[in-house]
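Visitor:
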Amino acid sequence: NAGVTQTPKFQVLKTGQSMTLQCAQDMNHEYMSWYRQDPGMGLRLIHYSVGAGITDQGEVPNGYNVSRSTTEDFPLRLLSAAPSQTSVYFCASSTGTGGTDTQYFGPGTRLTVL
Amino acid sequence: AQKVTQAQTEISVVEKEDVTLDCVYETRDTTYYLFWYKQPPSGELVFLIRRNSFDEQNEISGRYSWNFQKSTSSFNFTITASQVVDSAVYFCALSEPFTGTASKLTFGTGTRLQVTL
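For the protein sequence lines, the chains are A and B, in the order given.
So the mapping is simple: our numbering equals the position in the first sequence, first residue as 1, plus 85.
So the mapping is simple: our numbering equals the position in the second sequence, first residue as 1, plus 31.
#1: Using a cut-off of 9 Å between C-beta atoms, extract the partners of A:Gly193 located in chain B.
#2: Looking at the C-beta of B:Thr36, does it have a partner C-beta in chain A at a distance below 8 Å?
#3: Who are the neighbours of A:Gly127 on chain B, taking C-beta pairs under 7 Å?
#4: How many angstroms separate the CA atom of B:Glu57 from the CA atom of B:Gly139?
#5: Which residues of chain A have a Cβ atom closer than 7 Å to the Cβ of B:Arg81, listed in chain order?
#6: Please go through the same chain and pick out, in chain order, the residues whose beta-carbon is closer than 8 Å to the beta-carbon of B:Leu136, but skip the five residues on each side of it.
#7: Tell me, which residues are paired with A:Gln96 by DSSP?
#8: Provide the residue(s) that pair with B:Tyr56 in DSSP beta bridges, ordered along the chain.
#9: Comparing the C-beta of A:Leu199 with each C-beta of chain B, is any distance below 8 Å?
#10: When DSSP labels each residue in this structure, what does B:Lys101 get in the three-state scheme?
#11: What's the call for A:Thr92, buried or exposed, on a 16-neighbour Cβ count within 10 Å?
#12: If contact means a Cβ-Cβ distance below 9 Å, which residues of the stretch 167-179 of chain A contact chain B?
#13: Just to confirm my understanding: we take A:Val135, look at its own chain, exclude 5 residues before and 5 after, and list those with CB closer than 8 Å. What are they?
#14: How would you write the range of the beta strand (DSSP E) that A:Gly136 sits in, first residue to last?
#15: Is the separation between the beta-carbon of A:Leu196 and that of A:Gln170 shorter than 8 Å?
#16: Using the three-state DSSP reduction, which class does B:Val116 fall into: helix, strand or coil?
#17: Check this for me: beta carbons of B:Ser96 and B:Glu87, under 8 Å apart or not?
#18: Taking only the alpha-carbon atoms, compute the straight-line gap between B:Val75 and A:Phe190 and give it to the nearest angstrom.
#19: Rank B:Val50, B:Val146, B:Ala32 by C-alpha distance to the C-alpha of B:Arg59 and give the top, closest one.
#20: Check the Cβ of A:Gly148 against every Cβ in chain B and list those closer than 9 Å, keeping chain order.
#21: Using a Cβ-Cβ cut-off of 8 Å, state whether A:Phe95 counts as contacting chain B.
#22: Based on the DSSP output, what are the partners of B:Lys69 in its beta bridges?
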């Protein structure tokens, strides 16, 4: 089991560019989510999904899109990158959808927007 | 709204000292889950423990122990005989179970622990 994988590990974008952060898990987890980590602010939820075809917004969704066409993959799209989106992004997954199960995190993607 | 407070931003200790990381939470639910994660300098998030609100027994795992007190809404983490490898940022998090919409983890801002020789 690879667990939760994220690509790329590092990315530099210019303002206005678009890109997709990839996240995949091989544990057959129903629940997947994206967080961003900023200094002094802990981790904040961007979007989450309780299963294929179902997504919803978290605490800080603006500027990000997601889709969940398969159980394994949950990509995060930045349509027009802004400097405020400079952050470390973590994808996570868990077996259940009700918040009772432990979420396991990927290694993170460090994104810089110039 | 749920909230997690880790008032200690940074703690520095000398190896072999004991250290306690504080976590205070706010929730309106009677059923909830608390977590601790470790983020070493390499950056990944490592799960340490999960505790549900009905289980107030303290937990010990090697040099790590956790003290859960519902009366004070606290879930503190103690490292006994700290080691340099314990240097990391530690996050406390709160989750409320499914109530019609999927729940989320609410994280504290983290406590950076520096253990020196």
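Each residue gets a CB set at the ideal place from its N, CA and C atoms; glycine is no exception.
The model shown is predicted, which means the values in this text are computed figures rather than measured ones.
Guide: The answer reads as follows:
#1: Ordered by position in chain B, the residues that pass the 9 Å Cβ test against A:Gly193 are Gly74, Glu75, Leu76.
#2: Among the residues facing chain A, B:Thr36 is not included, as its CB has no counterpart in that chain under 8 Å away.
#3: For a Cβ distance threshold of 7 Å, residue set Phe122, Phe138, Gly139, Thr140, Gly141 of chain B lies close to A:Gly127, ordered along the chain.
#4: Whole-angstrom Cα-Cα distance: 11 Å.
#5: Under the 7 Å cutoff, chain A gives Thr187.
#6: Excluding residues within five positions, the ones whose Cβ falls inside 8 Å are Phe66, Ala124, Leu125, Ser126.
#7: Answer by DSSP bridge pairing, in chain order: A:Leu196.
#8: Bridge partners of B:Tyr56: B:Val35.
#9: False, the Cβ-Cβ gap to chain B never drops below 8 Å.
#10: In the structure shown, B:Lys101 sits in a helix (DSSP, three-state: H, G or I).
#11: It is exposed - the Cβ of A:Thr92 has fewer than 16 other Cβ atoms within 10 Å.
#12: Residues passing the 9 Å Cβ filter: Val173, Phe175, Ala177.
#13: Counting only residues of its own chain and dropping the five nearest sequence neighbours on each side, A:Val135 has a CB closer than 8 Å to the CB of Glu115, Tyr116, Asp141, Thr182.
#14: Element bounds for A:Gly136: 128-136.
#15: In contact: A:Leu196 and A:Gln170 (Cβ atoms closer than 8 Å).
#16: Look at B:Val116 here: in three-state DSSP terms it is helix.
#17: At the C-beta level, B:Ser96 and B:Glu87 stay beyond 8 Å of one another.
#18: Here the sequence assigns Glu to residue 75 of chain B, which means Val is not the residue at that position. When only Cα atoms are considered, B:Glu75 and A:Phe190 end up about 8 Å apart.
#19: The option with the nearest alpha carbon to B:Arg59 is B:Ala32.
#20: The CB of A:Gly148 never comes closer than 9 Å to any CB in chain B; the least such distance is about 18 Å.
#21: No, no contact with chain B.
#22: For B:Lys69, which the question treats as bridged, DSSP gives the partners B:Val77, B:Tyr121.
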